[in-house]
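Chemist: If you scroll down you'll find the structure; I have some questions about it.
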Amino acid sequence: MNYKIYSKNKNFHFIDIECSIENIQTDEIELQLPAWRPGRYELQNFAKNIQVFEVFDENGQKLQTSKITKDRWKVQTNGAKSITAKYNYYAYVINAGSSFVDENILYVNPVNLCIYAEGHINEPCFLELHKTENQEIAGLNNQQKLNDTLVKIPFHDFYHLADSPFIVSSNLKHDFYEVGDVKFNIWFEGNLSREHLGRIRTDFKKFTEEQIKLFGEFPEKEYHFTTWILPVPYYHGVEHRSSTMQVLGPDSQNFEELYIDLLGLASHELFHTWNICKLRPAELLPYDYTKENYFPTCFVAEGVTTYYGDLMLHRSGVFDQKQYFKEVEAYYKRHFDHADHASQSLVESSWDLWLDGYTQSIPDRKVSVYHKGAIAAQILDLHIQRISHKTRSIDNVMKLLWERFGASANGTPLKGYTMQDYKHICEEVAEESLDWYFEKCILGTESLFDLLNEYLQDIDLQIVRNEEGLVKLETLS
Ligand SMILES: [Zn+2]
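Taking our numbering, the leading residue of the sequence shown gets 26, the next gets one more, and so forth.
Structure below.
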């Protein structure tokens, strides 16, 4: 499948897409637009943004096409060996997982608007993009310049293309650093002074090195941190196999405040390069873009990542202790002040992400896989450290998980992990049964307030509730 993405009429915010499919052997072929995007486990029904959808044979003859689900089309190929779908997509939303076009910028999350043909999803594909001479393309590896304005980008398969967001703009600011032989690009769109780039590069390099030290390798040859700074308040990032897309704002706020958000987001998203992009729950391997992909372990994907995102900033010296404690207190408060009496466990709330994971819950129903998940990760970490006299920690769990299920950067197929796999690895590292931990912290619904406090003593911390019952983190000494 080969794709062209451009915009005939930028001011009306429509992106045009052409998708050509070759080597067709059948009388009918089915075309699918993803119903959701990895990173946000809810149906988003991107097809509602398509205004016109037509399919042509190699002679330009229009083929009979009918919809068979809300986002799937059946095409009568009429003997054609290759066909081209031509359609447009309304792109006027800016968040880290959306697409947007106007006269200045083309911002695309291909998963929003690229169809695939059933039976062709694993085939290599190409994307062709037009740009003016002063525009750059942020977020994509292996850009092949065909001429001054035409760029071709190869992808291993549709999954790779769908996981590769990009920005085409003449306003991009670019910097990079290297760790080993991996190049890490930093791209900013929007209002950010170049004077900050040096500091950003230095700090990003520190937490990147710390994360690579944990896993022993980086799964990609090149990576992109692409950040769009908006004039309005925003805090959103999405992980991808060789990049992250982040949206932050407002640009008018004190840079130091915006910078804390940028660091927190970037460290979290980079950790996902291992934990979920490669180290994947079995239920999400491969992604099924047509429907819900239920999985019970988002407390590993998001909870462990939330815990490590801040921890890595602290360990690498980017966050001092005060800043680190502030971040930790923030997720303690989000959980204990708002969801301590929820009726669901982490596993139940992971499953129900597809139901109401990203909207306000009815009272006392769900927990956050991010916040309670991070607390559960910390309890596991402190428990392993306690019983092993600090010779082992959750680091060993993640390293082993990576070696067994994720370390396939060189092309060997990924092997998804199950809830049982994760439990067995935790127990292997702990060298004891962790039935109690999984029953209480992962499958249970009782408050973790006292248990967390018991473990926080080991690092001279405690949580207390003030007169209004709100949680506060304090040092013991
Ligand atoms: Zn995340």
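Ideal Cβ placement from N, Cα and C applies to all residues, glycine included.
All values derive from a computational prediction rather than experimental measurement.
Determine the contact status of I404 and V422, defining contact as a CB-CB distance below 7 Å.
Modeler: No, these two residues do not count as a Cβ contact at 7 Å.
Chemist: With a threshold of 6 Å (Cβ to nearest heavy atom), would T252 be considered close to ligand 1?
Modeler: Answer for T252: no, Cβ out of range of ligand 1.
Chemist: Which whole-angstrom value is the C-beta distance of Y28 and E43, which I expect to be below 8 Å?
Modeler: Indeed they touch by this definition, with Cβ atoms about 7 Å apart.
Chemist: My output table needs one value for R340: the three-state DSSP class, helix, strand or coil.
Modeler: Here R340 sits in helix by DSSP.
Chemist: Buried or exposed, going by whether 16 or more other CB atoms sit within 10 Å of the CB of E53?
Modeler: By the 10 Å Cβ count, E53 comes out exposed.
Chemist: For W427, which residues from the same chain have a beta carbon less than 7 Å from its beta carbon, with the 5 sequence-adjacent residues on both sides left out?
Modeler: Here the set comprises F240, W299, L304.
Chemist: Ordered along the chain, which non-local residues of its own chain (more than five positions away) have a Cβ less than 8 Å from that of G342?
Modeler: Once the five neighbours on either side are set aside, the close Cβ partners of G342 are K231.
Chemist: Taking Cβ positions, are F431 and E264 nearer each other than 7 Å?
Modeler: Residue identity check: residue 431 is Gly in the sequence provided, not Phe. No.
Chemist: For I46, list the residues DSSP reports as bridge partners.
Modeler: Answer is I108.
Chemist: Considering only heavy atoms of ligand 1, does any lie closer than 6 Å to the CB of T330?
Modeler: It does: the Cβ of T330 is within 6 Å (strictly closer) of some heavy atom of ligand 1.
Chemist: Identify the residues that DSSP records as bridge partners of P179: which are they?
Modeler: P179 pairs with F151.
Chemist: Report, in whole angstroms, the separation of the C-beta atoms of S124 and Y132, which I expect to be a contact under 8 Å.
Modeler: Confirmed, about 6 Å.
Chemist: Does at least one heavy atom of ligand 1 sit under 6 Å from the Cβ of E352?
Modeler: No, the beta carbon of E352 sits no closer than 6 Å to any heavy atom of ligand 1.
Chemist: Under three-state DSSP, which class holds G328?
Modeler: Of the three classes helix, strand and coil, the one that applies to G328 here is helix, per DSSP.
Chemist: Is the stretch 397-414 touching the stretch 322-330, taking contact as three or more C-beta pairs under 8 Å?
Modeler: A contact exists between the stretch 397-414 and the stretch 322-330.
Chemist: Based on the DSSP output, what are the partners of E214 in its beta bridges?
Modeler: Answer is W253.
Chemist: Whose C-beta lies closer than 7 Å to the C-beta of E128 among residues of the same chain, with five residues either side of it excluded?
Modeler: For E128, where only same-chain residues beyond five positions count, the Cβ hits under 7 Å are K35, N36.
Chemist: Determine the burial state of Q76: buried for a count of at least 16 other Cβ atoms within 10 Å of its Cβ, exposed for fewer.
Modeler: Exposed, since its Cβ has fewer than 16 Cβ neighbours within 10 Å.
Chemist: For P321, does the count of other Cβ atoms within 10 angstroms reach 16, so buried, or fall short, so exposed?
Modeler: Under this definition P321 is a buried residue.
Chemist: Skipping 5 residues on each side, what residues in its chain have a beta carbon closer than 6 Å to that of W98?
Modeler: Same-chain partners within the cutoff: L56, T90, K92.
Chemist: In the DSSP assignment, the beta strand (DSSP E) including N27 goes from what residue to what residue?
Modeler: 27-31 is the extent of the beta strand (DSSP E) around N27.
Chemist: Tell me whether E235 counts as near ligand 1, meaning its Cβ is closer than 6 Å to at least one heavy atom of that ligand.
Modeler: Not so, every heavy atom of ligand 1 lies at least 6 Å from the Cβ.
Chemist: List the DSSP bridge partners of E55.
Modeler: DSSP output for E55 lists K99 as bridge partner(s).
Chemist: Pick out the complete alpha helix (DSSP H) segments inside the stretch 340-368, 4 residues or longer, and give them in chain order.
Modeler: Correct list: 346-361.
Chemist: Please classify P256 as buried or exposed, where buried requires at least 16 other C-beta atoms within 10 Å of its C-beta.
Modeler: Result: exposed.
Chemist: Measure the C-alpha to C-alpha separation of E245 and R266 and round it to an integer number of angstroms.
Modeler: If you take the alpha carbons of E245 and R266, they lie about 8 Å apart.
Chemist: Helix, strand or coil for L378? Go by DSSP, reduced to three states.
Modeler: Three-state result, L378: helix.
Chemist: Grab me the residues of D82's own chain with a C-beta within less than 7 Å of its C-beta, minus the 5 sequence neighbours each way, in chain order.
Modeler: The answer, listed in chain order, is L88, N103, A105, I108.
Chemist: If we count the other Cβ atoms within 10 Å of its Cβ and call it buried at 16 or more, is N74 buried or exposed?
Modeler: Per the 10 Å Cβ criterion, buried.
Chemist: Ligand 2 and E327: does the residue's C-beta get closer than 6 Å to at least one heavy atom of that ligand?
Modeler: This structure lacks ligand 2; its bound ligands are ligand 1.
Chemist: Assign H199 to one of three DSSP states: helix, strand, or coil.
Modeler: Three-state DSSP puts H199 in a strand.
Chemist: Please work out which residues of its chain come closer than 7 Å, Cβ to Cβ, to L310, disregarding the five sequence neighbours upstream and downstream, and give them in chain order.
Modeler: Once the five neighbours on either side are set aside, the close Cβ partners of L310 are L439, G441.
Chemist: Ends of the beta strand (DSSP E) at D82?
Modeler: Unbroken beta strand (DSSP E) run through D82: 75-82.
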